[in-house]
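So the structure is just underneath, and the comments pick up after that.
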Amino acid sequence: MGNDRYDAVIVGAGPAGASAALLLAQNNSSVALIERGKKPGSKNMFGGSIYRKPTAKIIPGFWEKAPLERSIVTDELWLMDKNSAVKVGFTGLKFNEPPYNKFSAIRSKFDAWFANKAVEAGANLMTETLVDDLVYEKIGLLKKKVNGVKLDNGEIIYADVVLIAEGASANLTQKAGMRGRIEASSLTLYVKEELALPPEIIEARFNLEPGEGANLGMIGYPTSGVIGKGGLWTNKKSISLITGGYLNQINAKGISPYQLLSRFKKHPLIKRLIAGAESIAYKAHVIPKGGYENVPQLYDDGLLIAGDAAMMISGRRGSDIAMLTGLYAAETIAQARAAEDYSAKVLKGYEKRVMDSFFMKSIKKSKSAKKYYKDHPDADYLLTKAANDAAYRFFEVGVEPSEQKIKKIKKEILNMEPTKKLITDLYYGFKDWGIF
Ligand SMILES: Cc1cc2nc3c(=O)[nH]c(=O)nc-3n(C[C@H](O)[C@H](O)[C@H](O)COP(=O)(O)OP(=O)(O)OC[C@H]3O[C@@H](n4cnc5c(N)ncnc54)[C@H](O)[C@@H]3O)c2cc1C
Numbered sequence: 001m002g003n004d005r006y007d008a009v010i011v012g013a014g015p016a017g018a019s020a021a022l023l024l025a026q027n028n029s030s031v032a033l034i035e036r037g038k039k040p041g042s043k044n045m046f047g048g049s050i051y052r053k054p055t056a057k058i059i060p061g062f063w064e065k066a067p068l069e070r071s072i073v074t075d076e077l078w079l080m081d082k083n084s085a086v087k088v089g090f091t092g093l094k095f096n097e098p099p100y101n102k103f104s105a106i107r108s109k110f111d112a113w114f115a116n117k118a119v120e121a122g123a124n125l126m127t128e129t130l131v132d133d134l135v136y137e138k139i140g141l142l143k144k145k146v147n148g149v150k151l152d153n154g155e156i157i158y159a160d161v162v163l164i165a166e167g168a169s170a171n172l173t174q175k176a177g178m179r180g181r182i183e184a185s186s187l188t189l190y191v192k193e194e195l196a197l198p199p200e201i202i203e204a205r206f207n208l209e210p211g212e213g214a215n216l217g218m219i220g221y222p223t224s225g226v227i228g229k230g231g232l233w234t235n236k237k238s239i240s241l242i243t244g245g246y247l248n249q250i251n252a253k254g255i256s257p258y259q260l261l262s263r264f265k266k267h268p269l270i271k272r273l274i275a276g277a278e279s280i281a282y283k284a285h286v287i288p289k290g291g292y293e294n295v296p297q298l299y300d301d302g303l304l305i306a307g308d309a310a311m312m313i314s315g316r317r318g319s320d321i322a323m324l325t326g327l328y329a330a331e332t333i334a335q336a337r338a339a340e341d342y343s344a345k346v347l348k349g350y351e352k353r354v355m356d357s358f359f360m361k362s363i364k365k366s367k368s369a370k371k372y373y374k375d376h377p378d379a380d381y382l383l384t385k386a387a388n389d390a391a392y393r394f395f396e397v398g399v400e401p402s403e404q405k406i407k408k409i410k411k412e413i414l415n416m417e418p419t420k421k422l423i424t425d426l427y428y429g430f431k432d433w434g435i436f
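Here the sequence shown is numbered in UniProt numbering, starting from 1 and rising by one per residue.
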C-alpha cells in the first residue's frame with residue numbers, strides 16, 4: 001500500500017481532493033489520496049458542467065486531454081408548465097472555440113482522469129479504501145492535533161496534515177466535531193439518468209454541430225411543487241437528465257425522486273428530446289445547500305476541510321469551487337510545510353483565502369434566497385404558472401385590440417400573484433439559478 005507516513009493525507013478523490021493532491025505532489029510533498037470507490041468518480045455524479053476558467057487554474061489547457069463530452073454553446077432556462085415552457089436562452093458559437101467556456105462531462109470518466117494527473121505527479125492513490133476516523137496526537141496537556149487517519153480495516157496512515165474532501169455526506173467532518181448535524185432543509189436530493197442516443201440524433205434535436213453542446217435548466221413542472229430544478233446536458237453519445245429539490249420538501253410531500261424523474265421524462269417537451277434513447281446509468285446524490293451559516297469550521301490543528309464537505313456550493317457551481325478550495329488548501333499546506341508548523345495558527349490562512357474568494361461572496365449573498373424559499377415554497381410553481389398562462393394569452397391570435405389583450409393578461413396575472421411578489425419570485429428564480 002506504500003508508506004504509512006505522508007506529508008499530507010487527502011480523504012476523497014473528487015475535484016477538491018484531486019486538485020489538492022495534484023498541486024501538493026507537484027510541490028514535492030508526499031501525498032496519499034484515499035478514495036472509497038472502485039476508482040475516482042465511480043461514486044460521484046453531477047449534472048454536469050465543468051467550467052473552463054476555474055479548472056484551468058489547476059490544470060492549464062486541460063481541455064486538450066481531459067475526457068470532456070461537448071463544449072456548451074447553448075444555455076437555456078425553461079419555466080415549465082404541464083404542456084408548455086417559457087424559454088430564456090443564449091447560443092454563442094464562439095464558446096466552441098479555444099479556450100472555450102464550459103463543457104458537459106461525465107464524472108466517472110472525468111474524476112478518474114483528474115485523479116490520475118495527481119498520480120502522474122507522484123501522489124499515492126488508494127482506491128476501495130474507506131477512511132473511518134481521524135487519529136490525533138497529544139500536544140501539551142490539553143491540546144491535540146490531527147496526526148493521520150484510521151481506515152475501516154484498522155490500519156493507520158500518519159500525516160502532518162489531513163485534508164477532508166469527502167463530499168456532501170461530511171461524515172468525518174461531523175465526527176471531527178467541525179460541524180453539527182446537517183438538516184434536511186440544507187440538502188437537495190437529485191436523481192440522474194444517462195440516456196444513450198447516436199450523436200447525429202442529439203445534434204439534430206438540439207440544433208448543434210459535432211462537438212457543440214446544450215445545457216437546459218428547468219424550474220416548475222420537473223419538481224412537482226418542490227423547490228428544485230430539472231436539467232438536461234448533451235454529451236457525445238448520451239443525454240444527462242436530472243431532477244430533484246430540497247430534501248425536507250421531498251420528504252414532506254412523500255414523493256420519491258425516482259417518481260419525479262419518471263414523471264419529468266414523460267413531459268411532452270422532454271419526451272421528444274429523449275425519444276428512442278436507452279437508459280445506461282442511474283444515480284442519486286445530494287448537494288449541500290446550507291449556505292454561509294452552515295459552513296463548518298474550516299481548519300484545526302493538522303486539519304483542513306474542502307469542497308462539498310465545507311458546504312462550498314453557489315448556484316449551479318460546485319465542482320469548480322471544490323477545485324479552488326483544493327488549490328487554497330494546497331497553498332496553505334505548502335506554507336505550513338515551509339514553516340514546519342501545521343498548527344491551526346498557520347492553517348487559518350486557508351480560511352482567509354476561502355473567505356476572501358469571489359465564490360464566498362456569492363455564497364454569502366445566497367442566504368437571502370434560501371430564506372425566501374423557506375417562506376415561499378410555492379414561488380417556482382406560481383412563477384412558472386403565471387409565465388406560461390401569460391405566454392398562452394400573448395401568443396394566442398385573437399380578434400380584439402392589442403391594448404385590450406395586454407390589459408386582460410395583466411389582470412389575470414395580478415389575480416394570481418401581486419406584481420411585487422411576482423417580480424421577487426422571478427428575481428430569486430434567476431438568482432438561485434446562478435445568474436446573479
Ligand atoms: C445533481 C447534481 C448536479 C450538479 N451539477 C453540477 C454542475 O453542473 N457543475 C458543477 O460545477 N457542480 C455541479 N454539482 C456539484 C458538484 O458535483 C460538487 O460540488 C462536487 O462534486 C464537489 O466536489 P468534492 O470533491 O468536494 O466532493 P465529491 O465530488 O463528492 O468527492 C468526494 C469523494 O470522497 C469520497 N469519499 C467520501 N467519504 C470517504 C471516506 N470516508 N473515505 C474515502 N473516500 C471517501 C467519495 O467517494 C468521493 O469520490 C452537481 C451536484 C449534483 C448532485
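From the three backbone atoms N, C-alpha and C, an ideal C-beta is built for every residue, glycine too. Given the structure is predicted, the values throughout are model-derived calculations rather than measurements.
Exercise for review: Look at the alpha carbon of A20 and the alpha carbon of E417, and state the distance between them as a whole number of angstroms.
Suggested key: 48 angstroms
**Study point:** F110: CB within 7 angstroms of a non-hydrogen atom of ligand 1
**Key:** no
Check your understanding: By Cβ distance below 6 angstroms, which residues in the same chain neighbour G230 in space, the five residues on each side in sequence not counted?
Key -> M218, P222, T243, F264
**Study point:** S104 to S224 span [Cα, whole Å]
**Key:** 26 angstroms
Check your understanding: Hey, quick one: how far does the beta strand (DSSP E) through I72 stretch, first residue to last?
Key -> 71-81
**Study point:** Straight-line gap, Y6 to T127 (C-alpha atoms, nearest Å)
**Key:** 17 angstroms
Check your understanding: When the Cα of D81 is compared with those of I423, L414, Y392, L422, which residue comes out closest?
Key -> Y392
Check your understanding: Excluding the five sequence neighbours on either side, which residues of its own chain have a C-beta within less than 6 angstroms of the C-beta of M1, listed in chain order?
Key -> Residue placement at M1 cannot be trusted, given a pLDDT of 49 that sits under 50; what the coordinates show is reported in the next sentence. Nothing listed; no residue qualifies.
Check your understanding: Identify the residues that DSSP records as bridge partners of M126: which are they?
Key -> I34
Exercise for review: Verify whether the separation of the beta carbon atoms of Y190 and H267 is less than 8 angstroms.
Suggested key: no
Practice item. May I ask you to report which of helix, strand or coil DSSP gives F436? Key: Note that F436 scores 44 on pLDDT, short of 50, meaning its location in the model is unreliable and no value can be drawn from it.
Exercise for review: Check whether the Cβ of N44 sits closer than 7 angstroms to any heavy atom of ligand 1, and report yes or no.
Suggested key: yes
Point to revise | Chain-order list of residues whose beta-carbon lies under 8 angstroms from that of P257 (same chain, five-residue window excluded) | key: L189, Y190, V191, T243, G244, I250, A284
Exercise for review: Spell out the partners DSSP gives P222 in its beta bridges.
Suggested key: According to DSSP, P222 bridges with nothing at all.
Practice item. Give a yes or no on whether the C-beta atoms belonging to A118 and A8 are separated by under 8 angstroms. Key: no
**Study point:** Continuous alpha helix (DSSP H) assignments of at least 4 residues falling wholly in the stretch 357-405
**Key:** 358-365, 367-375, 379-395
Practice item. Would you mind sorting T129 into buried or exposed? The rule is 16 or more other CB atoms within 10 Å of its CB. Key: buried
Review point. Per DSSP, which one or two residues make a beta bridge with N215?
Key: D75, W233
Check your understanding: In three-state DSSP terms, what is L260?
Key -> helix
Point to revise | Residue nearest to L347 in terms of C-alpha spacing, selected from V162, P40, K150, V86 | key: V162
Check your understanding: Based on the DSSP secondary-structure assignment, which residues constitute the bridge partners of R317?
Key -> S314
Exercise for review: Decide if the stretch 153-168 is in contact with the stretch 293-310; the criterion is three or more beta carbon pairs, one per stretch, under 8 angstroms apart.
Suggested key: yes
Practice item. Consult DSSP for F206 and reduce its assignment to one of helix, strand or coil. Key: helix
Check your understanding: CB K405 to CB G398, shorter than 8 angstroms?
Key -> yes
Check your understanding: Within the present structure, is the beta-carbon of H267 separated from the nearest heavy atom of ligand 1 by less than 7 angstroms?
Key -> no
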